[in-house]
Amino acid sequence: MKKNPIILTIAFMIFMAMMIIGGCATPAHISAKSGAQLWGEACGRCHNTASPSTFSDVDWDIAVKHMQFRAQITEDEANKIVEFLKSAN
Amino acid sequence: MRQFLLGFLAVLSAPLLAQTTDSSFSPKPGNSRYMIRGYADANFIAGEGEISFGNARLVPLFIYKQSDRLLFEGELELEIEDGEVKMALEYANFYYQLTPRMTVRMGKILVPFGTFFDRLHPSWINKLPTVPLGYGHDGLLPTSDLGIEVRGGAYLAGMRTNYSVYLTNGPRINDGEEEADEIGMIVPEADIDNNKNKAFGGRFGLFPFADQSLELGFSAQSAKLGDKGSDFEDIGAFLYSFDWTLVKTLPALGGRIDLRGQLNFVNIDNRPYEVLEDGSLETFDFDNKSKTAFYQLAYRPTFGNQFVQNLELVGRYSTLTTPEEAPWESQSTQWTLGLNYWVDWRTAIKIALQSDEVEGGHDSPGLTKTDLFFIQWTIGF
Numbered sequence: 000m001k002k003n004p005i006i007l008t009i010a011f012m013i014f015m016a017m018m019i020i021g022g023c024a025t026p027a028h029i030s031a032k033s034g035a036q037l038w039g040e041a042c043g044r045c046h047n048t049a050s051p052s053t054f055s056d057v058d059w060d061i062a063v064k065h066m067q068f069r070a071q072i073t074e075d076e077a078n079k080i081v082e083f084l085k086s087a088n
Numbered sequence: 000m001r002q003f004l005l006g007f008l009a010v011l012s013a014p015l016l017a018q019t020t021d022s023s024f025s026p027k028p029g030n031s032r033y034m035i036r037g038y039a040d041a042n043f044i045a046g047e048g049e050i051s052f053g054n055a056r057l058v059p060l061f062i063y064k065q066s067d068r069l070l071f072e073g074e075l076e077l078e079i080e081d082g083e084v085k086m087a088l089e090y091a092n093f094y095y096q097l098t099p100r101m102t103v104r105m106g107k108i109l110v111p112f113g114t115f116f117d118r119l120h121p122s123w124i125n126k127l128p129t130v131p132l133g134y135g136h137d138g139l140l141p142t143s144d145l146g147i148e149v150r151g152g153a154y155l156a157g158m159r160t161n162y163s164v165y166l167t168n169g170p171r172i173n174d175g176e177e178e179a180d181e182i183g184m185i186v187p188e189a190d191i192d193n194n195k196n197k198a199f200g201g202r203f204g205l206f207p208f209a210d211q212s213l214e215l216g217f218s219a220q221s222a223k224l225g226d227k228g229s230d231f232e233d234i235g236a237f238l239y240s241f242d243w244t245l246v247k248t249l250p251a252l253g254g255r256i257d258l259r260g261q262l263n264f265v266n267i268d269n270r271p272y273e274v275l276e277d278g279s280l281e282t283f284d285f286d287n288k289s290k291t292a293f294y295q296l297a298y299r300p301t302f303g304n305q306f307v308q309n310l311e312l313v314g315r316y317s318t319l320t321t322p323e324e325a326p327w328e329s330q331s332t333q334w335t336l337g338l339n340y341w342v343d344w345r346t347a348i349k350i351a352l353q354s355d356e357v358e359g360g361h362d363s364p365g366l367t368k369t370d371l372f373f374i375q376w377t378i379g380f
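Same order as they appear, the protein sequences are chains A and B. The first sequence begins at 0 in numbering that gives the first Met the number 0 and counts up one residue at a time. The second sequence begins at 0 in numbering that gives the first Met the number 0 and counts up one residue at a time.
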């Protein structure tokens with residue numbers, strides 16, 4: 000079991016390096032996605048997708064920021080989703 | 000009475016009406032905003048000589064957004080259990096957005112070990128009224144803990160990914176002082192930090208397909224379990240887990256499938272344990288490895304009228320195997336079959352049948368079978 004912290008430390012370093020390297024550019028097929036498409040993919044992964052009319056614009060700002068952190072979506076994706084929800088509510 | 004109530008409501012609403020008609024009122028929202036969300040459920044249970052309206056829960060989630068980078072969330076669980084209202088702090092943590100793709104959170108956090116507890120535990124999201132084996136009483140897996148985590152989403156080789164790395168106070172080990180027949184068992188939720196060691200873990204998720212319908216995840220956690228200064232101080236645990244999620248509408252099947260699961264391994268350093276039983280010292284020496292898993296499939300039709308489209312069929316198979324020769328040795332399997340009716344996107348009435356088979360275990364050696372019927376009404380708000 001003593002090897003585990005070493006393995007995890009190495010894994011962590013590889014992981015962080017990967018985030019720095021891999022986190023630089025958004026792939027074209029993802030940046031081309033609309034807010035509606037991202038809303039369906041990101042929200043529907045865990046639960047039924049909310050109707051845009053569920054919340055006001057102000058509440059969507061809070062709810063989507065919250066879900067950006069909880070569902071591990073990027074800020075760009077969250078911005079697209081919230082713009083779609085506000086336009087459709 | 001009616002006039003009195005109307006008058007009372009008019010008095011209560013007067014400040015609000017005055018505010019909205021005040022010319023100085025600005026509809027432009029500020030940055031600091033809060034929101035109450037959460038969920039509630041009511042349950043009915045039948046089986047094993049019991050027919051009762053069981054637990055009822057109110058689980059408010061308080062969200063405070065101070066800025067576009069700083070947010071706080073805290074969830075309480077209020078439930079009626081054995082005739083008493085019990086309250087628990089499920090999680091309470093700050094988030095700070097470090098970069099557009101990286102966030103740090105600190106406080107009592109939902110531990111991202113696999114996906115079930117971190118993402119699916121609210122009853123309006125969990126498609127069945129119960130949780131898989133490995134959670135709850137005698138659970139082996141991390142749920143929530145005090146600590147710090149860095150998490151976010153990123154891209155790797157053209158694929159969407161997500162990641163979490165965390166440090167928490169970590170689990171402890173049952174030393175047998177209170178429950179001798181649970182000695183050597185991991186206790187995931189340690190309310191008190193019992194040593195200087197911190198649990199270190201993380202999860203990495205990958206979406207191989209462009210439509211993000213499939214997510215594959217791997218989690219690991221390493222920790223020392225024993226109390227500081229105790230004989231068990233150096234006992235370590237290494238947990239790892241594989242999870243998968245496939246959510247996709249398949250026209251050929253006339254519906255949307257939701258396939259998910261999690262395979263978990265809990266490996267604890269081996270050492271002999273001595274337990275005083277009936278006045279004599281008994282030694283247990285066992286390979287302290289456990290594993291637990293769940294496999295779940297849900298299907299919701301996209302054909303037919305609205306009533307048919309609101310239905311959802313769910314099946315889940317779950318297993319739990321604890322170490323041979325341990326006083327708590329057991330092999331458990333569980334089948335749960337459910338039918339949900341979605342009143343709207345966040346309100347469901349669920350009915351389910353659950354069949355458990357447990358061989359061994361500290362409660363009753365031998366084979367135990369239990370069949371239960373559940374009705375749950377749940378709402379997310």
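In this text, a Cβ means the ideal position worked out from N, Cα and C, and glycines have one as well. None of these values were measured; they are calculated from a predicted model.
For residue 381 (chain B), which of B:66, B:183, B:82, B:372 has the nearest alpha-carbon?
Residue 381 (chain B) lies beyond the stretch modelled for chain B, which goes from 0 to 380, so this question has no answer here.
Determine whether the Cβ of residue 47 (chain A) lies closer than 8 Å to any Cβ atom of chain B.
yes
Which residues DSSP lists as bridging residue 45 (chain B), in chain order
B:50, B:372
Report the residues of the region 46–68 of chain A with a CB closer than 9 Å to any CB of chain B, ordered along the chain.
46, 47, 48, 49, 50, 53, 54, 56, 57, 58, 60, 61, 62, 64, 65, 67, 68
Bounding residues of the beta strand (DSSP E) (the contiguous stretch that carries residue 255 (chain B))
254–267
In the DSSP assignment, what are the bridge partners of residue 426 (chain B)?
Chain B is shown from 0 up to 380; residue 426 (chain B) falls before or after that span and cannot be answered.
Report the neighbours of residue 82 (chain A) on chain B: residues whose CB is nearer than 9 Å to its CB, in chain order.
The premise fails here: residue 82 (chain A) is roughly 14 Å from chain B at the closest Cβ pair, so nothing lies under 9 Å.
Please report the straight-line C-alpha distance between residue 203 (chain B) and residue 59 (chain A), rounded to a whole angstrom.
Answer to the nearest angstrom: the Cα atoms are 28 Å apart.
CB contact check: residue 34 (chain B) to chain A, cutoff 8 Å:
yes
Where does the unbroken beta strand (DSSP E) through residue 138 (chain B) begin, and where does it stop?
Here residue 138 (chain B) belongs to no beta strand (DSSP E), and DSSP marks it neither H nor E.
Neighbour-count burial assignment, residue 382 (chain B), 16 or more Cβ in a 10 Å radius:
Given that chain B is displayed from residue 0 to residue 380, the structure contains no residue 382 (chain B) and the question cannot be resolved.
Can you check whether the C-beta of residue 24 (chain A) is within less than 8 Å of a C-beta belonging to chain B?
yes
Simplified DSSP state of residue 105 (chain B), which is helix, strand or coil
strand
What separation, rounded to the nearest whole angstrom, lies between the Cα atoms of residue 79 (chain B) and residue 55 (chain B)?
6 Å
Output yes if chain A places a C-beta closer than 8 Å to the C-beta of residue 67 (chain B); else output no.
yes
Check distances from the C-beta atoms of the region 33–47 of chain A to those of chain B and list, in chain order, the residues that come in under 9 Å.
36, 37, 40, 41, 43, 44, 45, 46, 47
According to DSSP, which residues form a beta bridge with residue 242 (chain B)?
B:216, B:261
How about residue 73 (chain A): is its C-beta nearer than 8 Å to some C-beta of chain B?
Look at residue 73 (chain A): its C-beta is under 8 Å from a C-beta on chain B.
Could you list which residues in chain A have their beta carbon closer than 7 Å to that of residue 209 (chain B), in chain order?
28
Check each candidate in B:317, B:257, B:227 and name the one with the smallest Cα separation from residue 191 (chain B).
B:227
Applying the 10 Å Cβ sphere with the 16-neighbour rule, what's the burial state of residue 143 (chain B)?
buried
Apart from the five residues on each side of it in sequence, which residues of its chain come closer than 7 Å, Cβ to Cβ, to residue 86 (chain A)?
none
DSSP three-state call for residue 67 (chain B): helix, strand or coil?
coil
Please check the pair residue 200 (chain B) and residue 162 (chain B), which I expect to be a contact at CB under 8 Å, by giving their CB distance rounded to whole angstroms.
In fact, because the Cβ distance is near 12 Å, the residues do not count as touching under 8 Å.
Which ranges does the beta strand (DSSP E) cover as unbroken runs of at least 3 residues, wholly within the region 140–176 of chain B, from first to last along the chain?
If we require 3 residues or more, the beta strand (DSSP E) runs fully inside the region 140–176 of chain B come out as 143–155, 158–167.
Can a CB atom of chain A be found closer than 8 Å to the CB of residue 460 (chain B)?
Shown here, chain B extends from 0 to 380; a query on residue 460 (chain B) therefore has no answer.
Separation of residue 119 (chain B) from residue 257 (chain B), as counted between CA atoms
Residue 257 (chain B) and residue 119 (chain B): Cα-Cα distance of roughly 13 Å.
Euclidean distance between Cα positions of residue 48 (chain B) and residue 128 (chain B)
For residue 48 (chain B) and residue 128 (chain B), the distance between alpha carbons rounds to 19 Å.
Leaving aside the five residues before and after residue 52 (chain A) along the sequence, list all residues of the same chain whose C-beta is less than 6 Å from its C-beta, in chain order.
88
Classify residue 211 (chain B) as helix, strand or coil using the three-state DSSP reduction.
coil
Closest to residue 289 (chain B) by C-alpha separation, out of B:355, B:269, B:259, would be which residue?
B:269
Cutting at 7 Å between CB atoms, please list the residues of its own chain near residue 133 (chain B), excluding the five before and the five after it.
Taken in chain order, the residues that qualify are 139, 140, 263, 291, 319.
Considering only C-alpha positions, which residue in the set B:323, B:287, B:259 is nearest to residue 295 (chain B)?
B:259
Determine which residues of the region 74–107 of chain B have a Cβ less than 9 Å from any Cβ of chain A, and write them out in chain order.
94, 96, 98, 99, 100, 101, 102, 104
Taking residue 246 (chain B) as the query, report the chain A residues whose CB atoms sit under 7 Å from its CB, ordered along the chain.
43, 44, listed in chain order.
Judging by CA-CA distance, which residue of B:126, B:236, B:53, B:106 is the nearest neighbour of residue 310 (chain B)?
B:126
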